[in-house]
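Report on the structure given below.
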Amino acid sequence: MVIERLEPRKSASRTRVRGGGGWLDDGASCKALRLMDRYEPLRHRTIALVGLMGVGKSSVGRRLANALELPFRDADSEVEAAAGRAITEIFSELGEAAFRDGERRVIQRLLDEPPHVLATGGGAFVNDETRALLKSKALVVWLRADLELLARRVGRKDTRPLLKDSDPLTVLKAQSELRYPLYAQAHVVVDTGDTAHHVTVAQVIDALSDYLAKEGS
Ligand code: S3P
Numbered sequence: 001m002v003i004e005r006l007e008p009r010k011s012a013s014r015t016r017v018r019g020g021g022g023w024l025d026d027g028a029s030c031k032a033l034r035l036m037d038r039y040e041p042l043r044h045r046t047i048a049l050v051g052l053m054g055v056g057k058s059s060v061g062r063r064l065a066n067a068l069e070l071p072f073r074d075a076d077s078e079v080e081a082a083a084g085r086a087i088t089e090i091f092s093e094l095g096e097a098a099f100r101d102g103e104r105r106v107i108q109r110l111l112d113e114p115p116h117v118l119a120t121g122g123g124a125f126v127n128d129e130t131r132a133l134l135k136s137k138a139l140v141v142w143l144r145a146d147l148e149l150l151a152r153r154v155g156r157k158d159t160r161p162l163l164k165d166s167d168p169l170t171v172l173k174a175q176s177e178l179r180y181p182l183y184a185q186a187h188v189v190v191d192t193g194d195t196a197h198h199v200t201v202a203q204v205i206d207a208l209s210d211y212l213a214k215e216g217s
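Numbering (this note's numbering), first residue to last: 1 to 217.
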């Protein structure tokens, strides 16, 4: 919800609440305004999206950030910027261990920034140190989807070194066995299908709102 301040009038200034459809006199406290903004509780901590390759962490994350009016960060892009090369090159020239180390350091830095939506790479939450950082400093959302759907999606791109020369479904099945017990440590889980991104965004917002309501009660 976006709150706009209108020009003061002679009698009393008023605040228009777009999306809420109502008018509040100046006497209404900021607290009341905040209570009307159901997204406000979601803006205090970074929201980190975890899950397998192709599940939509970046595309959903970008739209989620937009909906919540938060900045968006993509850990993979930040690692590429820090290393000055593409992820495929980091893997081939420096190796996966160097990538994981860079990924941890980049995520640590991002988690010290003001609250934002953070899309992580599929393996970030598997690393013990990175997972501990994310769990303590962010609200972690596991986006989960059917493996065959993911395999169809990732099969269309060749930018993922872990899929190079491999059958995507075989890789994703193996990753799910190893990673699902770790992803399950996320604060909330959202099952996504082959639906529009805005549907997933709404699911994430509902799941996080429920989680925060329980956490506060
Ligand atoms: C990886 C996933 C990729 C990227 C790297 C490793 C993984 O990110 O970080 O290729 O280990 O699953 P996406 O999940 O955004 O594809």
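Just so you know, even glycine gets a beta-carbon here, dropped at the ideal spot from N, CA and C.
Residue from Val50, Arg63, Gly54 with nearest C-alpha to Leu169: Gly54
Identity of the residue in Arg160, Asp112, Ala145 nearest Ile47 by Cα: Asp112
DSSP state of Ala207 mapped onto helix, strand, coil: In this structure, Ala207 counts as helix in the three-state DSSP scheme.
Residue burial classification, Leu150 (beta-carbon count within 10 angstroms, cutoff 16): Buried, by the Cβ-count rule.
Straight-line Cα distance separating Val171 from Val117: 27 angstroms
Status (buried if at least 16 other CB within 10 Å, exposed otherwise) for Glu103: buried
Cβ pair count under 8 angstroms reaching 3, the segment 191-211 against the segment 73-87: no
From Asn66, Arg100, Thr88, residue whose alpha carbon lies closest to that of Asp165: Thr88
C-alpha gap between Tyr39 and Ala196, whole angstroms: Rounded to whole angstroms, Tyr39 to Ala196 spans 21 angstroms at the Cα level.
Leu133 versus Arg109, Val154, Gly122, residue with shortest Cα-Cα distance: Residue Arg109 holds the alpha-carbon nearest to the alpha-carbon of Leu133 among Arg109, Val154, Gly122.
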